[in-house]
Amino acid sequence: MAISMTPAAADRVRSFLANRGKGLGLRVGVKTTGCSGLAYVLEFVDELNDDDQVFEQDNLKLIVDGKSLVYIDGTQLDFVKEGLNEGFQFNNPNVNGECGCGESFTV
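In our numbering, the protein residues as written are 117 to 223.
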């Protein structure tokens with residue numbers, strides 16, 4: 117079980133952590149919401165929880181709780197710029213469908 121990130125995502129995460137000035141890494145998870153059922157969550161981590169799994173890449177830590185890992189195992193986090201829009205993109209091989217607005221997904 118693992119998740120990874122592209123060089124563009126790693127650069128962005130590194131920049132966010134540097135600007136913040138502290139933090140162990142970035143939590144990648146899911147929450148129940150939206151019309152399809154699940155949505156991605158990104159947040160800084162200052163302390164690990166007992167059920168966290170840590171994936172290290174490019175001297176950065178991606179932290180995933182055990183419940184979320186089931187839904188995002190194999191996911192690659194990317195950072196994409198398209199015109200004036202930019203943001204993280206999740207390339208999740210487990211997704212069976214997404215809602216029309218792109219805010220939530222099903223597995």
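Every residue, glycine too, gets a C-beta built ideally from N, C-alpha and C. Predicted model only: the values in this text are computed from it and were never measured.
Take the Cβ of Thr191 as the centre, count every other Cβ of all protein chains shown within 10 Å, and call the residue buried at 16 or more, exposed below. Taking the sequence shown and counting its residues from 1, one reaches residue 191 at position 75. Result: buried.
Compute the Euclidean distance between the alpha carbons of Gln205 and Val144, then round it to the nearest angstrom. Here residue 205 refers to the residue found at position 89 when the sequence shown is read from its first residue. Here residue 144 refers to the residue found at position 28 when the sequence shown is read from its first residue. Rounded to the nearest angstrom, the two C-alpha atoms are 12 Å apart.
Provide the residue span of the alpha helix (DSSP H) that contains Asn97, from first to last. Limits of the chain in this structure are 117 at one end and 223 at the other, which puts residue 97 out of reach.
Leu185, enclosing alpha helix (DSSP H) - first and last residue: Sequence index remark: in the sequence shown, residue 185 carries index 69 (1-based). Note, Leu185: alpha helix (DSSP H), 182–188.
With a 10 Å radius around its C-beta and 16 neighbouring C-beta atoms as the bar for buried, classify Ser131 as buried or exposed. Within the sequence shown, residue 131 is the residue found at index 15, counting from 1. Exposed, by the Cβ-count rule.
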